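Encoded as structure tokens, the structure appears first; notes follow it.
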Amino acid sequence: MRALPFLLVSILVAAATFGAATLVGNSYVFFAGYVVLQYIVLATAWNILGGYTGYVNFGTAAFLALGAYSSVVIHKTMPMPIPVLIVIGGLVSGIVGLGMGYLTLRLRGSFFSIATLALSVVVQTLIINWDFVGGSRGAYIVRPRTTEYFAMNYIEYLFLVMLVLSVIAVFTARCIERSRLGYGFAAIRDDEAAAEASGVPTLKLKLLATTLSGAFMGMAGAPLPYYVTYLDPASGFSLAYAVNAIAMPLIGGTASWLGPVIGAVLLGTLQQVATVTISSALNLLIVGVILVAFVIIAPNGLIGLVRGKGRGMKR
Amino acid sequence: MTAPLLSVENLGKRFGGFVALEAIHLDIAKGERVGLIGPNGSGKSTLVNCMSGTLRNETGIVRFDGRPMNGLPAHQRTRLGFARSFQLPRPFNSLSVAENLRIPIEYTVNARPAAHVPAGDIVGRCNDLLAMVGLAEKSEKMPRDLTQIEMRKLELARAMASEPKLLIADEAMAGLSHAEVDDILALLIRLNEQGVTIVMIEHIMRAVMQFSQRLVVLVAGRKIADGLPADVVRNPEVERAYLGE
Amino acid sequence: MDFSFDLFGNAILSGLLLGGFYAAVTIGVAISFGMLDIVNIAHPAFIILGSYIAYTANSLLGMDPILASLIALPAFYLLGMGIYQIYHVSFERRGDEALRGLAFFFGLLFITEVALVLTFGVDYRLVEARYIGPSIHIGPIDLPLRLLVPFIVSLGLIGLLQVFLSRTFLGRAILAVAQDQEALRLMGADPIRIKRIAFGISIATASVAGAILIVIQPVEPSIARDYIGRIFAICVMGGLGSFPGMVVAALALGIVESLTSTFYGPSWTPAVGFGFLLLTLAVRPAGIFGR
Chain E
1 MRALPFLLVS ILVAAATFGA ATLVGNSYVF FAGYVVLQYI VLATAWNILG GYTGYVNFGT
61 AAFLALGAYS SVVIHKTMPM PIPVLIVIGG LVSGIVGLGM GYLTLRLRGS FFSIATLALS
121 VVVQTLIINW DFVGGSRGAY IVRPRTTEYF AMNYIEYLFL VMLVLSVIAV FTARCIERSR
181 LGYGFAAIRD DEAAAEASGV PTLKLKLLAT TLSGAFMGMA GAPLPYYVTY LDPASGFSLA
241 YAVNAIAMPL IGGTASWLGP VIGAVLLGTL QQVATVTISS ALNLLIVGVI LVAFVIIAPN
301 GLIGLVRGKG RGMKR
Chain U
1 MTAPLLSVEN LGKRFGGFVA LEAIHLDIAK GERVGLIGPN GSGKSTLVNC MSGTLRNETG
61 IVRFDGRPMN GLPAHQRTRL GFARSFQLPR PFNSLSVAEN LRIPIEYTVN ARPAAHVPAG
121 DIVGRCNDLL AMVGLAEKSE KMPRDLTQIE MRKLELARAM ASEPKLLIAD EAMAGLSHAE
181 VDDILALLIR LNEQGVTIVM IEHIMRAVMQ FSQRLVVLVA GRKIADGLPA DVVRNPEVER
241 AYLGE
Chain L
1 MDFSFDLFGN AILSGLLLGG FYAAVTIGVA ISFGMLDIVN IAHPAFIILG SYIAYTANSL
61 LGMDPILASL IALPAFYLLG MGIYQIYHVS FERRGDEALR GLAFFFGLLF ITEVALVLTF
121 GVDYRLVEAR YIGPSIHIGP IDLPLRLLVP FIVSLGLIGL LQVFLSRTFL GRAILAVAQD
181 QEALRLMGAD PIRIKRIAFG ISIATASVAG AILIVIQPVE PSIARDYIGR IFAICVMGGL
241 GSFPGMVVAA LALGIVESLT STFYGPSWTP AVGFGFLLLT LAVRPAGIFG R
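Residue numbers (the working numbering), protein chains in the order written: chain E, 1 to 315; chain U, 1 to 245; chain L, 1 to 291.
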């Protein structure tokens, strides 16, 4: 499928999703759906770096929280519409991604991952000590009941925004996969020295991937304060984001755009259902166990299992 | 005499206290076939890594095509026309055999200002290169399905896909059978006839002697001989290095 | 906050004591990451596991926490060997350490943390022992035994391991596996077996580190994450795999953290380790004491 038809189909799927959610007419569907969509964006963003170039980012929560807290700051100074907040959140997290990459990507691969783990701790420390955004007590965001423009229910509006964002993220990921850039990423993932010797500017491409990946995570986080209406460091930096962003692509399959989407829909829905029935800690334990089981038993994810044992990397 | 294609001047490299290369001088003319030999640990691979930009040399200068390359990252050297194959084949394992060649075409040939392979021609170009090394049948296979010699051929084809002026073949024949060595040798000679300058690093003396117009010997990080192959192998210092005291 | 020399001196001293403890926390990673090149980011979770075992033995049986950790040591060793076996078969042998191997350890970190939350809850837990509470006073300087005992145990642990690595055949083989697996194979040793033993030792140190952690401060499951930045910062700064470098780096971090806590407030300390890590990576990735 070429890019344009793919985009059209994605938009159709998105429209059908929104239509179906509206038909159900229960606002819980929008609340739960928002979380699943947010995970589609996060998992896709993680996979652009992790799945395509092979660099593991443990700091998803930090990038998401940077986007979310950018929105809190703007909300407190001069409120702006959510699409603008998304752009700003994306810029902030993208720049941080670039900086992290620049500091650590020239070294051994694992240093980047370790640095991202520590990044969550340091950004959280900064937020806890920053009273303007509520410090450790957290910040309240008063959300209007409806939007100004279409007089839409606000939660439906947030759902729609996240739906559009996930279409953009998935479309971007798929474009990369089929492009010169995607081949360059794959070469880096397989063998960096050989990629360099084949003319691939590895540092530049890796920086591009960390920036893009970070930016999408920040974008996913920008509407979060309006969704939760109360944001504190403990929830904004929840380890659940980091573990889900890794587990979803690895469970779905990291080689293509479809893997993170499948993983996010399955795991995201499972958790939304399970949170109602069992405790959220037990819920996360299940995600952790599934993650470990998959990386050991099914290294190419569900897509790999469907395509035949262990041969899922082939495009 | 025209300027050499590759010129290494006073190149030195140390790892901690260990001197890996000391004051290496080496000129290679356009179109030459040069053999580079030396015992294990003599610094051959370090020299290749310094020239190709994988390692930084502490002293000296590497000029390629008249241009100093110090400080240039490896990918830019490849784009200038300096290609190398790896001692142990390092294919891109998640890409098909044909796609392996796509990388240097897209990132080297198409990154140069002049030559450009249009998107529609890339697949054809990959297949031409595979046909040249005798892997036409395998283009859709994954690297892990290849045999040892096919892997070596893929490694060479990938280096060739960048349309280099100079190719360094780093032990392209180690572990191959007699007939397979001849196969690769014929391939390298054919490339040289098409105008590619080739430096062969090799332990198999039969292949080196058959291939080289000139022989360079490294021992313990120093160049101890450089000349006609027949003269070099009779050099007493070389004999001592190879046969022991 | 007012600057005073008493305050400053006490901050330096408790920083030194804290640093000694940090060295013990890091030593396991110095072995796994520094020598075996295995990025075990789950190590801090095993340390916290060690803390809870010490806590359980202490609160149920009234056992000394450090003694309890020594009894648990063989179990940790076996756990480490088991984890290495899975890691080797599933990732190392497939050449998939970078992506899935890291995700595996992240999963272990996560599972351990959540399992501890489910078992013990999120409240802080602490232990009782005779040396928790009293201090030795030398002039204006306070030497809390709560910090001094862990410091001595840490240095003892590091000294023992240093002797083991440099004096015994097995220890030398572990050092050799870091350098050249082939050479080891030629010597007739199985590198995989050596690595399994080394990884077992690395996890075994977590038992002791966990016990002295809970002697120093109350513990809850999520503090494992605070230690990740710290441990890897020390490990990298010390020049991977070098024990003396590690000890100096740990002492330095302990002092800077202690000063930060005294003069800026404890809520800033988690950022110090990370700052150290980034600074080291940016300026001298080979480590301050590396080659």
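Heads up, the beta-carbon is just placed ideally off N, CA and C, and yes, glycines get one too.
Here the structure is a predicted model, which means the values were calculated and not measured.
- Here the alpha carbon of I40/E sits roughly 7 angstroms from the alpha carbon of V265/E.
- For the stretch 109-155 of chain E, the continuous alpha helix (DSSP H) assignments of 4+ residues that do not extend past its boundaries occur at 109-128, in sequence order.
- In chain E, no part has a C-beta under 7 angstroms from the C-beta of F64/U; the shortest such distance is about 15 angstroms.
- Partner residues in the beta bridge of T59/U, as assigned by DSSP, are G12/U.
- Comparing alpha-carbon positions, the option among G214/E, V133/E, Q271/E and D232/E lying closest to T77/E turns out to be V133/E.
- DSSP places L218/U in the strand class (E or B) of the three-state scheme.
- In this structure, the beta-carbon distance from S198/E to A187/E falls below 8 angstroms.
- Runs of the beta strand (DSSP E) spanning 3 or more residues and lying entirely within the stretch 239-276 of chain L do not occur at all.
- Interface flag for I127/E against chain L is unset, since no Cβ pair is found closer than 8 angstroms.
- Within the stretch 103-175 of chain L, the complete alpha helix (DSSP H) segments of 4 residues or longer fall at 145-167, listed in chain order.
- When the five nearest sequence neighbours on each side are left out, the beta carbons in the same chain lying within less than 7 angstroms of the beta carbon of F294/E are those of L250, I251 and G301, in order along the chain.
- When CB distances to chain L are screened at a threshold of 9 angstroms, the residues of the stretch 222-253 of chain E falling below it are L239, A242, V243, I246, A247 and L250, in chain order.
- A281, L282, L284 and L285: these are the residues of the stretch 269-286 of chain E whose beta carbon lies less than 7 angstroms from some beta carbon of chain L, given in chain order.
- At least one beta carbon of chain U lies nearer than 8 angstroms to the beta carbon of P201/E.
- Close partners of F86/U in chain E (Cβ separation under 8 angstroms): A193, A194 and A197.
- Chain L has a Cβ within less than 8 angstroms of the Cβ of G288/E.
- Neighbours of A187/E in chain U, taken as residues whose beta carbon is under 7 angstroms from its own, are F92 and I103 in chain order.
- Identification of chain E residues near H116/U by a Cβ-Cβ cut-off of 9 angstroms yields none; the smallest Cβ-Cβ distance measures about 13 angstroms.
- Chain E places no beta carbon closer than 8 angstroms to that of R125/U, leaving this residue out of the contacts.
- Secondary structure in the stretch 135-161 of chain U: the alpha helix (DSSP H) runs of 4 residues or longer, each lying completely within the stretch, are 148-161 in chain order.
- At a cut-off of 8 angstroms between C-beta atoms, S110/E counts as an interface residue with respect to chain L.
- For E99/U, the enclosing alpha helix (DSSP H) begins and ends at V97 to Y107.
- One alpha carbon belongs to E22/U, the other to L55/U, and they sit about 15 angstroms apart.
- Unbroken beta strand (DSSP E) runs of no fewer than 3 residues, entirely contained in the stretch 19-100 of chain U, are found at 33-37, 59-64 and 82-85, following chain order.
- According to the DSSP assignment, A169/U belongs to the beta strand (DSSP E) that extends over L166 to D170.
- Here T229/E carries a coil assignment [DSSP, helix/strand/coil].
- Note on F232/L: 16 or more other CB atoms within 10 angstroms of its CB, so buried under the neighbour-count rule.
- When only Cα atoms are considered, P140/L and V219/L end up about 30 angstroms apart.
- The C-alpha of G253/E is placed about 14 angstroms away from the C-alpha of A173/E.
- Using a Cβ distance threshold of 8 angstroms, G34/L and L240/L count as a contacting pair.
- Contact between the stretch 22-37 of chain L and the stretch 221-236 of chain L is present, with at least three C-beta pairs closer than 8 angstroms.
- Looking only at V73/E, R108/E, Y102/E and T22/E, the smallest Cα-Cα distance to G89/E is reached by V73/E.
- A residue is called buried when at least 16 other Cβ atoms come within 10 angstroms of its Cβ; H178/U does not meet this threshold and is exposed.
- In this chain, the alpha helix (DSSP H) harbouring M219/E covers T202 to G221.
- Among the bridge pairs identified by DSSP, I201/U is matched with L36/U and D170/U.
- Annotation: the continuous alpha helix (DSSP H) that includes S51/L extends over H43 to L61.
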